[in-house]
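Numbers 243 to 312, taken from the working numbering, label the letters of the sequence shown in order. To keep things clear, I will list the structure first and then write my remarks on it.
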Amino acid sequence: MSQGRKEQVATSIAGAVVAEISAFLAPVDAELERRYPGDPGTRQPVHTVYVPGDVFTAGTLRSWGDQALA
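Quick look at the structure:
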């Protein structure tokens with residue numbers, strides 16, 4: 243591109259193109275929804291724990307789990 247000239251860049255997709263893409267992806271979306279229905283609403287883990295590698299042992303998970311349930 244030469245200096246001083248600006249190219250026009252599309253910043254949106256035409257509605258007909260969006261509809262065509264959506265129709266094309268509909269079977270894939272349905273399969274994803276069937277296989278991965280989302281949050282079941284049950285309890286889920288709420289904490290992430292970072293343990294330095296030099297203190298992590300084979301018993302770390304069991305120990306932390308036992309303490310969490312105590």
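Each residue gets a CB set at the ideal place from its N, CA and C atoms; glycine is no exception. Just so we're clear, the structure is a prediction, and the values are computed from it rather than from any experiment.
Can you give me the start and stop residues for the alpha helix (DSSP H) that residue i sits inside?
| i | result |
| --- | --- |
| P269 | G257 to R277 |
| D308 | T302 to L311 |
For residue i, which of helix, strand or coil comes out of DSSP?
| i | result |
| --- | --- |
| G283 | coil |
| Q250 | coil |
Taking residue i as the reference, which of the options has the closest Cα?
| i | options | result |
| --- | --- | --- |
| G307 | P294, V251, T290 and D296 | T290 |
Establish whether the CB of residue i and some CB of chain D are separated by less than 8 Å.
| i | result |
| --- | --- |
| Q286 | Protein chains in the displayed structure number just one, and chain D is not present. |
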